[in-house]
Amino acid sequence: MSKKVIERLKAQLGGKILATSDFRGDDEAVVAPKDWLEAARFVRDDADCAMDHFIDLTAVDYPERAQDGEGPRFDVLVFARSSTKNHRVRLKTRVAEGAALDSIFTVWAGASWAEREVFDMFGITFANHPDLRRILMYPEFQGFPLRKDYPIEKTQPLVPYREIEGIDKLPPFGPDMGQPWSRVDWNERLHGGDVQVSPAIGTQQGQRPSLSKGPEYLPDETPEAE
Amino acid sequence: MADVRGSGNAIPSKAVMGGGDAGFVTTRLEELLGWARKYSLFQYPFVTACCGMEFMAVAGPRYDVARFGAEAPRFSPRQSDLLWVVGTVSQRQAPALRRVYEQMGDPKYVLAFGTCASCGGFYDNYATVPGIDKIIPVDVYVPGCPPRPEAVLDGLMLLMEKVGRGNRGEGLVAPPREVPAMAKIRKKGTAVYFGQERMREEKALTEGAAPSVAELLEQSLAERPVETITLLSKDGETSKKSHDDHH
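Chains as they are written, first to last, in the numbering used here: chain F, 80 to 305; chain Y, 6 to 252.
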């Protein structure tokens, strides 16, 4: 559907498009962080792309990729759509921990809050953002909860829990009533069992590797235009 | 009035103080107050999530919570007796919930509606309070995701029983109802299966032990005709202690 967009991007931006993919019809173009703003502006302004609809901006954390020296830690993605041509594209870039990415709120104003959310959840900073502060979590919150190394059972209560006996008890009823599964898992392990219901807990406990370091993008693997 | 005293957790004695032609009833003041309170639980609905749909069903004409005198919502905590916490409470909301609870005048009661309010449900994460009892005392937990209106009414009746006794002890869990469809998904190797095994083991451990308060209440509800007024004085020491715990 939006093959044309990918081709147009490649033709116009040339070497700035590091890689493309079209897994199950979802077209994607990877750019370097320094070309992020330019690529976003191009897909909005170019007459053939006309991506006037900002859908979402989000991020993915691959900590093992950075540990093994295979690339920067985070993927940042923006999803854009054209309401006149009814096609969509996903732009992606890789950002290292601590590096700032250019804000694209000047391209799509709606990206402003999405960038705040990414900052809130992953701690990725956006240069030239007008108001970069937490949007969902409270200001007292320490750390970034959607990073894979945020302890999975860690909470930071605003109201201290009551100091009575048995406050850490398991829920007062069984799994038929929606007892949380990770606590079943946790409790099972405390009693010497080997149930692995929550992959995320297992990963953080070092019992299993994480599922993915993200897709490989090497320049020589870039598929040429057909 | 010596014979109406219950002992410990035993089933309350059922002494009916006849009215009728005589034109008067004798009882103790706190029993009378408890009886009056339990039929006028003005509610403060703290509705945050999908359980709200079932809450509306309970409040609507079909299930008609007005039968229990608990239908009148008061949107000021100062005018309400019963705080319905319906749905997931996030850490960020916790101060508001705490404040609403603190603004209610005594005697005040809290009903945790659904699994999220009771224990956080499957939101076992950085953002969610794992049960409102971490923040405020809870009188009755109603399990379910969301609970059926019948389960909510079970919980409400349990609460009324508690209010009538003037007892502010430990939180009660509305007795769960077996759902046949759930048996199908209890496949070996799933979390549900292991949870069931665990419950069975725990049940085996407590076999022969004294029945829980919830079980006793369930029995007593089944045995007692609705119209009867129960006279049951407080169990001095235990109820005093749990009252202190409560606040």
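Each residue gets a CB set at the ideal place from its N, CA and C atoms; glycine is no exception.
Since the model is a prediction, treat every value here as computed from it, not as a measurement.
Where the beta strand (DSSP E) through residue i begins and ends
i: Y/Q48; result: 48-52
i: Y/Y146; result: 145-147
i: F/E107; result: 107-110
i: F/V174; result: 167-174
i: F/D135; result: 132-140
i: F/R57; result: Because chain F spans 80 through 305 in this model, residue 57 of chain F falls outside it and cannot be assessed.
i: F/A98; result: 96-100
i: Y/L37; result: No beta strand (DSSP E) holds Y/L37; the alpha helix (DSSP H) holding it covers 34-43.
i: F/A179; result: 179-181
i: Y/A77; result: Neither: Y/A77 is in no beta strand (DSSP E) and is coded neither H nor E.
i: F/F205; result: 204-206
Member of the options whose CA lies at the smallest distance from the CA of residue i
i: Y/S85; options: Y/V91, Y/G92, Y/G125, Y/Y106; result: Y/Y106
i: F/A145; options: F/A175, F/A98, F/A138; result: F/A175
i: Y/G143; options: Y/K113, Y/D69, Y/P50; result: It is worth fixing the name first, because residue 143 of chain Y is Val in this sequence and not Gly. Checking every option, the nearest Cα to that of Y/V143 belongs to Y/K113.
i: Y/A280; options: Y/Y44, Y/Q98, Y/R67; result: Summary: the structure shown does not reach residue 280 of chain Y, with chain Y confined to residues 6 through 252, and so no result is reported for it.
i: F/W115; options: F/D154, F/I214, F/F220; result: F/D154
i: F/A90; options: F/F121, F/D101, F/G104, F/A111; result: F/F121
i: F/T185; options: F/E219, F/Q235, F/D106, F/P209; result: F/P209
i: Y/A117; options: Y/A209, Y/G176, Y/T32, Y/P154; result: Y/G176
i: F/I134; options: F/L156, F/G150, F/D140, F/T99; result: F/L156
i: F/G104; options: F/V110, F/V168, F/T282, F/R241; result: F/V168
i: Y/V70; options: Y/G171, Y/G125, Y/E155, Y/L37; result: Y/E155
i: Y/L37; options: Y/L210, Y/G171, Y/A179, Y/P82; result: Y/G171
i: F/G189; options: F/A159, F/K164, F/N165, F/F201; result: F/A159
i: F/A129; options: F/Y240, F/P224, F/A178, F/L88; result: F/L88
i: Y/R153; options: Y/I141, Y/V63, Y/E76, Y/V115; result: Y/V63
i: F/V110; options: F/E219, F/G94, F/D125, F/R123; result: F/G94
i: Y/Y146; options: Y/A132, Y/G126, Y/T133, Y/Q96; result: Y/G126
i: F/P239; options: Y/A75, Y/P135, Y/R83, Y/E206; result: Y/P135
i: F/A178; options: F/F205, F/T234, F/D101, F/L92; result: F/F205
i: F/L225; options: F/R212, F/F201, F/E219, F/K164; result: F/F201
i: Y/V178; options: Y/G169, Y/W40, Y/L210, Y/D138; result: Y/D138
i: Y/L48; options: Y/R33, Y/A209, Y/L87, Y/F60; result: The sequence given here places Gln at residue 48 of chain Y; Leu does not occur at that position. Out of Y/R33, Y/A209, Y/L87, Y/F60, Y/L87 has the C-alpha closest to the C-alpha of Y/Q48.
i: F/P236; options: Y/F80, Y/L102, Y/G169, Y/T32; result: Y/L102
i: F/L92; options: F/K233, F/T99, F/S100, F/A118; result: F/A118
i: Y/G39; options: Y/E206, Y/G169, Y/G174; result: Y/G169
i: Y/R79; options: Y/P50, Y/R104, Y/R42, Y/E59; result: Y/P50
i: F/A108; options: F/K171, F/Y217, F/P218; result: F/K171
i: Y/V90; options: Y/V115, Y/D111, Y/M61; result: Y/V115
i: F/K113; options: F/D106, F/L97, F/R123, F/D124; result: F/L97
i: Y/P148; options: Y/N130, Y/S95, Y/E59, Y/R42; result: Y/E59
Contacting residues, own chain, Cβ-Cβ under 7 Å from residue i (five flanking each side not counted)
i: F/K83; result: D127
i: F/D228; result: P142
i: F/N207; result: D181, S182
i: Y/G92; result: V52, T53, A54, C55, C56, G57, G119, C121, A122
i: F/W192; result: I214
i: F/G293; result: V139, Y141, R144, D154
i: Y/Q108; result: P82, R83
i: F/F102; result: none
i: Y/E2; result: As shown, chain Y starts at 6 and ends at 252. That puts residue 2 of chain Y outside it, with no answer to give.
i: Y/L210; result: none
i: Y/C150; result: G119, T120, G126
i: F/L196; result: Reading the sequence as shown, one finds Glu at residue 196 of chain F and not Leu. Only I214, L215 meet the Cβ criterion.
i: Y/I140; result: A99, L102, R103, V134
Bounding residues of the alpha helix (DSSP H) (the contiguous stretch that carries residue i)
i: Y/F118; result: Premise fails: Y/F118 lies in the beta strand (DSSP E), 114-118, not in any alpha helix (DSSP H).
i: Y/W89; result: From DSSP, Y/W89 is part of no alpha helix (DSSP H) but of the beta strand (DSSP E) over 87-91.
i: F/I85; result: 82-92
i: F/S191; result: 190-201
i: F/D124; result: 115-124
i: Y/A62; result: 56-64
i: Y/V168; result: 154-170
i: Y/A101; result: 99-108
Residue i: CB within 7 Å of a non-hydrogen atom of the ligand GDP
i: Y/V145; result: Looking at this structure, you won't find the ligand GDP or any other ligand, since it has none at all.
Proximal residues to residue i (C-beta, below 8 Å), its chain only, five neighbours per side dropped
i: Y/F73; result: Y44, L46, L158, L161, M162, M165
i: F/P230; result: Q283
Residue i at chain B interface by Cβ criterion, 8 Å
i: Y/I137; result: Here the protein chains are F and Y, and chain B is not one of them.
Selection of the region 223-242 of chain F by Cβ proximity to chain Y, strictly under 8 Å = Against chain Y - using a Cβ distance shorter than 8 Å - the residues of the region 223-242 of chain F are P224, Y229, I231, E232, K233, T234, Q235, P236, L237, V238, Y240, R241.
When Cβ atoms are compared, which residues of the region 91-118 of chain Y fall closer than 7 Å to chain F?
-> Those would be Q96, R97, A99, P100, R103, in chain order.
Interfacial residues, the region 207-218 of chain F to chain Y, with Cβ spacing under 9 Å | Residues L215, M216, Y217.
Taking Cβ-Cβ distances below 9 Å as the criterion, which residues of the region 129-142 of chain Y are in contact with chain F?
-> Hits within the stretch, in order: D129, N130, Y131, A132, T133, V134, P135, G136, D138, K139, I140, I141, P142.
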